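Going down the list, the sequences are from chains L and Y. Note that the first sequence covers residues 3 to 328 in my numbering. Note that the second sequence covers residues 30 to 153 in my numbering.
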Amino acid sequence: MVTIRYAKDNYELEDGQSVLDGLTSHGIYIPFSCRSGVCQTCLMRTTGGTPPEKSQQGLKDSLKLQNYFLACICHPTEDIEVALPNDKDVQAVIPATVKNLTLLNTEIMHVALECHAPLNYRAGQFINLFQNQTLGRSYSLASLPHEDEYLHLHVRRLPQGRVSGWIHEELRPGQTVGIRGPGGDCFYTPGDAEQGMVLIGTGSGLAPLYGIIRDALSQGHSGPIHLFHGSRDLTGLYLTEQLRDLVRQYSNFNYIPCLSGENVPDGFATGRAHDVAFQQIPNLKNWRLFLCGHPEMVQVAKRKAFLAGASMKHIYADAFNVSQSS
Amino acid sequence: MSQQASLYEQLGGEAAVNAAVDIFYRKVLSDDRINAFFEDVDMDKQAAKQKAFLTMAFGGPHNYTGLDMRRGHANLVERGLNDTHVDAVIENLGATLRELGVKEELIAQVAAIAESTRNDVLGR
Chain L
3 MVTIRYAKDN
13 YELEDGQSVL
23 DGLTSHGIYI
33 PFSCRSGVCQ
43 TCLMRTTGGT
53 PPEKSQQGLK
63 DSLKLQNYFL
73 ACICHPTEDI
83 EVALPNDKDV
93 QAVIPATVKN
103 LTLLNTEIMH
113 VALECHAPLN
123 YRAGQFINLF
133 QNQTLGRSYS
143 LASLPHEDEY
153 LHLHVRRLPQ
163 GRVSGWIHEE
173 LRPGQTVGIR
183 GPGGDCFYTP
193 GDAEQGMVLI
203 GTGSGLAPLY
213 GIIRDALSQG
223 HSGPIHLFHG
233 SRDLTGLYLT
243 EQLRDLVRQY
253 SNFNYIPCLS
263 GENVPDGFAT
273 GRAHDVAFQQ
283 IPNLKNWRLF
293 LCGHPEMVQV
303 AKRKAFLAGA
313 SMKHIYADAF
323 NVSQSS
Chain Y
30 MSQQASLYEQ
40 LGGEAAVNAA
50 VDIFYRKVLS
60 DDRINAFFED
70 VDMDKQAAKQ
80 KAFLTMAFGG
90 PHNYTGLDMR
100 RGHANLVERG
110 LNDTHVDAVI
120 ENLGATLREL
130 GVKEELIAQV
140 AAIAESTRND
150 VLGR
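Written as structure tokens, this is what we have:
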């Protein structure tokens, strides 16, 4: 008899019962629709144990690696602990000490954090950083677990932003904050090393992309990697020297800074980052896409990339939604 | 060909659905007659729905009932979903299968399954 642990209670599965049937038969609400492992409505995640391979059919690689599975076709042979994708309580808040704060440009702060407990993350995922027990915001990770000692965040100061304003104005090195995470499925997955990659980011959307690029390069990705980083004017770009160093170091890496404002100097592409990208690479069949930053850009670029031939399962996106109560 | 092979098996099962889903969804999004009904902000969820629909139309495993179909499309019917839109979807479905080199007789069977949901989808 296999036991499923969910929300701190144990449920025994009857023979042949799926995790979905087992939980719903006890009156637990799990969203579902097709009950055939197709529609992905009953997406869940194991927080203890590994889901059977068969229960992960059709999921994106980045979801599989994070132990997501479909409850309706999950017939585990061992005990597992499971959670819904948005069950936040499965992750504890852990303390982290601020090691460094440096402005990357006029509005983006580089924040380096030393975690008091090991954080198992992938470059490009995000964490939540808390100003106090109830007020927190999501920030993407630009660091690499194996190369960087600290967690690196790029925090853009938003007009009337409560947490970003606090980070820019009041936070000091040596202070300890609470963080929770990681989350998100926008990261590099090994395999298909020759596949071409297009990364498009606006503003501090460069943070996850900078992590993803270095992760891919350090894992020996050999296909072409094109980064399009967009801003209105020159002051909005950052890490340009580090990125140009990477271009010199790796022949398959290409960096295209894009400016959508006027008076664009030499060495920069004119136009919005996603427009420039789709102009330069009009056919995206078999390419892997990473889209990060302004929600509207991410939504438009996702649709365009798909219509330009990219497969849905090869499009990874992270929209930086601004909290309504910013 | 074996007489026992189901339509789903003849089409190639889940691999065939996977091959068809991007092509079909791309056609639907590019079709101005119907793309307004598919403008879900969450494209991943929308693609999963397309996959569930194709699995059903290919004669594959599913547990959808007529009632599910009615509930699932009620808000679209309120927004004006009618026979011409169902026609367009079935047309795109056929074009997708033709692009994948599926035989006309199998395409007709798929179209017939899709056709059988018409009244439930349109809530009548």
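In this text, a Cβ means the ideal position worked out from N, Cα and C, and glycines have one as well. Predicted model only: the values in this text are computed from it and were never measured.
Query	Result
Can you pull the chain L neighbours of A77 of chain Y, defined as C-beta to C-beta under 7 Å?	C41 and Q42
With distance defined between alpha-carbon atoms, name the residue in Y:V139, Y:S145, Y:V150 and Y:D149 nearest to A45 of chain Y.	Y:V139
Provide the residue span of the alpha helix (DSSP H) that contains I169 of chain L, from first to last.	R164 to E171
List, in order along the chain, the chain B residues whose C-beta lies closer than 8 Å to that of L309 of chain L?	Although the question refers to chain B, the structure presented lacks it and instead comprises the protein chains L and Y.
Count Cβ pairs between the stretch 99-106 of chain L and the stretch 39-56 of chain L that sit closer than 8 Å; are there 3 or more?	no
Under 8 Å by Cβ, that's how I've got R274 of chain L and C260 of chain L pegged, so tell me the actual separation to the nearest angstrom.	7 Å
Output the distance between the C-alpha atoms of Q79 of chain Y and Y240 of chain L, rounded to the nearest integer angstrom.	40 Å
Just to confirm, are I158 of chain Y and R127 of chain Y a CB contact at a threshold of 8 Å?	This structure does not reach residue 158 of chain Y, given that chain Y is present from 30 up to 153, and the question cannot be answered.
Which bits of chain Y does K66 of chain L rub up against, with CB to CB less than 7 Å?	Under the 7 Å cutoff, chain Y gives no residues; its nearest Cβ is about 14 Å from K66 of chain L.
Do we get a CB-CB distance below 8 Å when we pair N12 of chain L with the residues of chain Y?	no
Mind checking if R47 of chain L is an interface residue toward chain Y, Cβ cutoff 8 Å exclusive?	no
I'd like to check one pair, C74 of chain L with F34 of chain L: are the Cβ atoms closer than 8 Å?	yes
Which full runs of the beta strand (DSSP E) of 3+ residues lie inside the stretch 254-312 of chain L, going along the chain?	255-261 and 290-295
Check whether chain Y comes within 8 Å of K304 of chain L, counting only Cβ atoms and requiring the distance to be less than that.	yes
Tell me which same chain residues have a C-beta within less than 7 Å of the C-beta of G225 of chain L, skipping the five on either side of it?	A195, E196, Q197, G198, M199 and N254
Checking contacts by CB at 8 Å: is D19 of chain Y closer than that to chain L?	Past the boundaries of the shown model lies residue 19 of chain Y; chain Y is included only from 30 to 153, so the question cannot be answered.
Are the C-beta of M314 of chain L and some C-beta of chain Y separated by less than 8 Å?	yes
Using a Cβ distance threshold of 8 Å, determine whether the stretch 297-317 of chain L contacts the stretch 99-114 of chain Y, with at least three qualifying pairs required.	no
Are the C-beta of Y37 of chain Y and some C-beta of chain L separated by less than 8 Å?	no
Got a sec, what are the start and stop residues for the alpha helix (DSSP H) V57 of chain Y sits in?	G42 to S59
Identify every residue that forms a DSSP beta bridge with T178 of chain L.	L:T99
At which residues does the alpha helix (DSSP H) containing D71 of chain Y begin and terminate?	No alpha helix (DSSP H) contains D71 of chain Y, which DSSP labels as neither H nor E.
How long is the line joining the alpha carbons of C36 of chain L and Y93 of chain Y, rounded to whole angstroms?	6 Å
Name the residue from L:A303, L:M299, L:K304 and L:A307 whose alpha carbon lies nearest to the alpha carbon of N323 of chain L.	L:M299
Strictly below 7 Å CB to CB, what residues from chain Y border R37 of chain L?	N92
Sort out for me which residues DSSP pairs F128 of chain L with in a bridge.	L:S142 and L:G185
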